[in-house]
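Student: Once you've had a glance at the structure underneath, I'll fire off some questions.
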Amino acid sequence: MGAGLIIAILVVTLIGIISTPSNINTGALLERKQAREISAVVNGAIIQRQNYTLEFGQPLPTATWRESLNTQGAFLPELQELDWDYAVNGNGAHFCLSIEEPRRRAYFYSVFQETLTTATFNGFVASTCGATTSFSTTPDFTTTDVVLTIYAGR
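Sequential numbering of the sequence shown, starting at 67, is according to our numbering.
Right, dumping it as structure tokens:
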């Protein structure tokens, strides 16, 4: 009878553990994970750009930037749902990551914000590539693009 009581207590305890809802915010964990991934890939892109400039003695060309990085064996990883761009303006060379899908803009807005909280690079979350300021308020994601601009130097 003692063994049966112990088994009953264990069963009741396991049912309680399994059926108790978790207080872990998995959405925030996923955002943080994706932000860290973006940060790592962007840091790699900045280093690849610097290596290209050192190896070839010229700036990375904007028209063929991806192919030019590939010539030195540097392949930029794809980031799920995001489009890459590279340009140069009066503030310097910059990479941009953008999300086109309106239903995913709010999510990536949060991810980009999280990315900048721990980043070792200068960046801005705005509606255009090459921005020098971030959104001052949360935008209307149904009509506004969300773009992370990362400045990589002159």
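Glycine included, every Cβ here is placed at the ideal spot set by N, Cα and C.
#1: Quick test of your reading: T186 and A101, contact by CB under 8 Å. State the CB separation rounded to the nearest angstrom.
#2: Do you know offhand how far F161's Cα is from G123's?
#3: Any idea if L96 is buried or exposed, counting beta-carbon neighbours within 10 angstroms, 16 or more meaning buried?
#4: Does DSSP put I215 in a helix, a strand or coil?
#5: Mind checking I113: buried by the 16 CB within 10 Å criterion, or exposed?
#6: Is there contact here, the region 162 to 172 with the region 209 to 217, by at least three beta-carbon pairs under 8 Å?
#7: Let's test the definition: count the other Cβ atoms within 10 Å of the Cβ of T215 and tell me whether it reaches 16, buried, or not, exposed.
#8: Looking at Y217 and G156, is the spacing between their C-beta atoms short of 9 Å?
#9: Tell me which residues share the same chain as V107 and place their Cβ nearer than 8 Å to its Cβ, disregarding the 5 neighbours each side in the sequence.
#10: In this structure, does DSSP put G156 in helix, strand or coil?
Tutor: A quick look at the data gives this:
#1: No, T186 and A101 are not in contact; Cβ-Cβ is about 13 Å, not under 8 Å.
#2: 20 Å
#3: exposed
#4: It should be pointed out that residue 215 corresponds to Thr in this sequence rather than to Ile. In the structure shown, T215 sits in a strand (DSSP, three-state: E or B).
#5: exposed
#6: yes
#7: buried
#8: no
#9: Cβ within range, chain order: L142, P143, L145.
#10: coil
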